[in-house]
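Here's the structure, in structure tokens; my notes come after.
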């Protein structure tokens, strides 16, 4: 078996698509009207569709999972601050005891993201 995609729920597909493109270079692969598949296997699902499918309310910022990316961290943080100065951080740029630099923040809908230097 192979993991194919990771799906996150978003309030505004267009804004989220732009966010993930701006910061991570992800592009649209397939747009199924409220269900957008992006490169690297990320799927953006419109919250209205997800709520109807589950029959339950959506709760953001549960901090139970995160999307993890690796990148040149200093350049990434500069881009993040320039393009999305209002972003909510969990932790600013820091260095773990094992030497890896990371930053954690929420996307536009409260999905937790970590970006770190390659391990």
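Numbering (our numbering), first residue to last: -8 to 110. A virtual CB, placed ideally from N, CA and C, is assigned to each residue, including glycine.
Exercise for the section: Give every residue of the same chain whose Cβ lies closer than 6 angstroms to the Cβ of residue 0, excluding the five residues on either side of it in the sequence, and list them in chain order. Expected result: The residue labelled residue 0 in the question sits at position 9 within the chain shown. Within the same chain, residue 0 has close Cβ partners 36, 38, 41, 49.
Problem - residue 103, DSSP secondary structure in three states - result: Taking the first residue of the chain shown as 1, we reach residue 103 at position 112. Strand at residue 103.
Problem - Cβ-based neighbour list, residue 51, same chain, cut-off 7 angstroms, excluding 5 preceding and 5 following - result: Indexing the chain shown from 1 puts residue 51 at position 60. 100, 101.
Handout entry: Rounded Cβ spacing between residue 33 and residue 11 (contact assumed at less than 8 angstroms)
Key = Taking the first residue of the chain shown as position 1, residue 33 is located at position 42. Taking the first residue of the chain shown as position 1, residue 11 is located at position 20. With 8 angstroms as the limit, residue 33 and residue 11 qualify as a contact, their Cβ atoms being about 7 angstroms apart.
Practice task
Give me whichever residues DSSP pairs with residue 19 in a beta bridge.
Solution key: Position 28 of the chain shown, counting from 1, holds the residue named residue 19. Looking at the DSSP assignment, residue 19 forms a beta bridge with 29.
Handout entry: Extent of the continuous beta strand (DSSP E) to which residue -2 belongs
Key = Here residue -2 corresponds to residue number 7 of the chain shown, with the count starting at 1. It spans -3 to 1 - the beta strand (DSSP E) in which residue -2 sits, taken as one unbroken run.
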